[in-house]
Structures are given as structure tokens and as C-alpha cells.
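Chains as they are written, first to last, in my numbering: chain A, 1251 to 1356; chain B, 1251 to 1356; chain C, 1251 to 1356; chain D, 1251 to 1356.
Worksheet for the structure shown next.
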């Protein structure tokens, strides 16, 4: 299973439900943002240390997995609708970041 | 290049800059949220129709690619720090969604 | 009832529940962001036109009122914890915006 | 200066620039969300303790004031366009929260 497979599965899912009219980039950006809001709510009262151990709590773990999944689903769907290759864009961005933030010599 | 390769590249990037102490799940959720905010700003005044043609504008295209990349980078890094397999979580979520939203018969 | 009264009421509310330790600016920013995410989810599949008529639906109206209230509550609490006068900051920002975006002559 | 005065000032500001067509609730929710994203970015790498002292840094203080102002501006404008009384909604919400979260006896 790759990110391309996931995009295809989401395309089929939307097609089978006639959801394409709702899946404009504007709407999908909002859906992505709403899911990130739910993810944020799971971490809002945790200290940074508690957040690092979040998966030790089974209920919190299930919720975090669920929200991370939703974020990836909408991100993948948004990129697919726009015709963007996410992994290529991400790699190009790291290339730029390597120039912007030179590694500390060690 | 797979999502796993991207996670590895981000791990190396953070290690080379001694950024691990900053990369708590809580902080990374905020960073993800901030990037989604920047992505949202690019689409806020567009109609849904204009949003569908966003990549026809070269400057907007570059900005959208840049923000989508940042969202994937922080999402991947967050999942890696938490020890979560994003693609597995996303597929499990679609499995649940298929039960929750049965396809319209056609 | 003014914004200052609201800040006082929220202060009393947090004090009575010993919630001050959770109300760091960092945590409150996340709580604010989570509520804006919930608000966003209410509008994500609506067209702009439908969004303008959102309050005609009693259930959606109740949800929008609830989320707008939560956003103001966390924004007010955050500003209070930081010692910021929100209305003064907002007015100063409009002053700057008036220079940045001159009115079209009519 | 009250929240009502602020709403009036924003109404005049939008009118003078013919911005009403852009100020649909959907668009304003996105604008609000984008500003909260910028606010979040200011706090993302700070520890909770550092976040409590954020205003001691003059540059960070100016940025926090600026973003908090923007959040209030879009929140006020959104509520005005929808015809919602923000302070009334917020007070009604605290009334409900007092039932939901009884104060610890002291």
C-alpha cells in the first residue's frame, strides 16, 4: 500500500457515493483543517512530556490514530483533486530546507 | 520514495540539527496546525470554483505546493515520533468509513 | 456585560475548578485552535451561499452559536492570561489596516 | 469601545472597500482559522513555561498582539455577518459549562 494506492481508494470511495461535487479544494482544505482541530484537542491539556507518552493510554491511542488517519485522508484527497504529487512536493521542500537550515557541524 | 523514506529523511534532518528536543508530539501537532492555517489562508477568499483552478496561477501553485509539502512533512514527523504507521491507520479508517457510509447503489 | 466582565467570569470559573495550571498560553492557543476546527467542520461542505443562510437551520444554528461562544471564551481567557487588552489590540490593528488598505474612493 | 463598536467599525471598513461579497460566513471562518494558525505558529516551539513569559520578548509580544487582534477581528466580523451576539452566546455557554463542570468544593 502506497500513498498512490490510498489516493486511488479515496477516489473510488468518493465516486461510489457521488461526493465529487463536495470535494472542491476549498472544501477539502476546510475538512483537513477541521480534522487537525480534533487532533489538536486531544493534545491541548497534555504537557509535552505527557504528549510523548500519549499512546500508552489505549483510549487516547485509538483517538490519535483515528485523527491522524483522517488528516492523511483529507490531505491525500486534496492533493489528488489538485493533481499534486505529495511525496515529490515534500522532498522538494526538504531540499529547500537543507539550504535554509544548514546542519550544525558535528 | 515512499512515506517511510520520507520519515527517515525527516529523522536524519532533525538529528543533524539537534531538533529532537523540540519535536514532542504536542509541539508537532501545533506545527502541523500552523501549516494547515497557512494553507487555509491561500484558499480563504476563493470561490469553490476558483479553488478548483488554483494551480493555473503559477504563484498560487507554488504556494499551495509549498504548504501541502509542509503539512505532509509535519504529519509524517508526528506519526514517526509517535511510532504510528500512517498508511495502515488511514486504511483502517477507510474500512470503518465503508461501514459507516454505505455506497449508494448504482 | 462587556469583554472585561467575560474575562472576569472565566477567571472565577477557572479558579473555582483549580484549572489555572492548565491555562498556559500554549495550552489555551491549542484549545482555541481546536474550537475553530469544530467551527470549520460546521461550514466545510456548505457553499458560500448556504453558509450565509446557516442560521435558518435550528440545529446548525445551535451548533454555530456554541462553537462561536467557545472560540470567544478561549480567546478571552488567553488574552487575560497574557495580560492583553483585546479590544485595544483590535483597534490598533484596524488603524494599521486603514493605512495598508486605503478605501476605494466613492 | 465595546465589541459592538468594533463590529460597526469592521462593517464600515468592509463597506468602504466593497469587501462584503468576500465576507461570506464560509470565507470568514477560513480567515479566522488562518489567523489562529499564525497565532499557533508563534507558540509551537515554546515550552508551556516559556509561553507564559512570551510577552517579555518585545518582538514576540508585537506578533502575539497582532495575531490576537486578527483573531478577534475575524471572529467579530463573522458573528456580525451571521447576526449573532457574541457576548450573549459566550455567557450562555458558561452557564451550560457551570452545570457540566461543577466547581470543586473548597
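For every residue, glycine included, the Cβ atom is placed at its ideal position computed from N, Cα and C.
Cβ neighbours of residue 1333/C within its own chain (closer than 6 Å, five residues either side excluded): none.
Annotated as distal: residue 1320/C and residue 1354/D, with beta-carbon spacing of 8 Å or more. As the crow flies, the alpha-carbon of residue 1337/B is around 37 Å from that of residue 1304/D. The Cβ neighbour count for residue 1294/A, taken over all protein chains shown within 10 Å, is at least 16; the residue is labelled buried.
Note on geometry: alpha-carbon atoms of residue 1280/D and residue 1290/B lie some 6 Å from one another. According to the DSSP assignment, residue 1261/C belongs to the alpha helix (DSSP H) that extends over 1253 to 1266. Secondary structure note for residue 1290/A: its alpha helix (DSSP H) is the uninterrupted segment 1275 to 1293. In the displayed model, residue 1344/A falls within a helix according to three-state DSSP. Shown here, residue 1308/B sits in a helix according to DSSP, grouped into three states.
In this structure, DSSP gives residue 1352/B a state outside helix and strand, which the three-state scheme calls coil.
Along the region 1278 to 1295 of chain A, the positions whose C-beta sits under 8 Å from a C-beta of chain C are 1280, 1281, 1283, 1284, 1285, 1286, 1287, 1288, 1290, 1291, 1293, 1294 and 1295, read in chain order.
Between the alpha carbons of residue 1346/B and residue 1308/C lies a gap of roughly 30 Å.
Excluding its 5 nearest sequence neighbours in each direction, residue 1317/C has C-beta neighbours in its own chain below 7 Å: 1285, 1288, 1289 and 1292, listed in chain order. Contact residues of the region 1297 to 1319 of chain C toward chain B are 1297 and 1298 (C-beta to C-beta distance below 7 Å).
DSSP places residue 1320/B within a helical segment (H, G or I) once states are collapsed to three.
Under the three-state reduction of DSSP, residue 1302/D is assigned to helix. Contact annotation: residue 1275/B and residue 1331/B have beta-carbon atoms nearer than 8 Å.
With respect to the C-alpha of residue 1277/A, the residue from 1259/C, 1296/C and 1263/C having the closest C-alpha is 1296/C. Per DSSP, reduced to three states, the secondary structure at residue 1330/C is helical. With a threshold of 8 Å between beta carbons, residue 1330/D makes no contact with chain C. For residue 1254/A and residue 1306/C, the gap between their C-alpha atoms comes out near 41 Å. With respect to chain D, the C-beta atom of residue 1340/C has a partner C-beta closer than 8 Å. 1263/B is the residue among 1300/B, 1252/B, 1263/B and 1311/B whose C-alpha sits nearest the C-alpha of residue 1351/A. Exposed is the label assigned to residue 1349/C, since fewer than 16 other Cβ atoms lie within 10 Å of its Cβ. Residues 1304 of the same chain have their beta carbon placed closer than 6 Å to that of residue 1310/C, with the five preceding and five following residues left out of the count. Taking 8 Å as the cut-off, the beta carbon of residue 1323/B is found closer than this to the beta carbon of residue 1340/A. The beta-carbon of residue 1349/D is placed no less than 8 Å from the nearest beta-carbon of chain C. Here DSSP, grouped into helix, strand and coil, assigns residue 1296/D to coil. Under a criterion of Cβ atoms nearer than 9 Å, no residue of chain D is adjacent to residue 1327/C; the nearest Cβ is some 11 Å distant. Scanning chain C for C-beta atoms nearer than 7 Å to the C-beta of residue 1261/D yields nothing, as the closest lies near 12 Å away. When only Cα atoms are considered, residue 1251/A and residue 1342/B end up about 12 Å apart.
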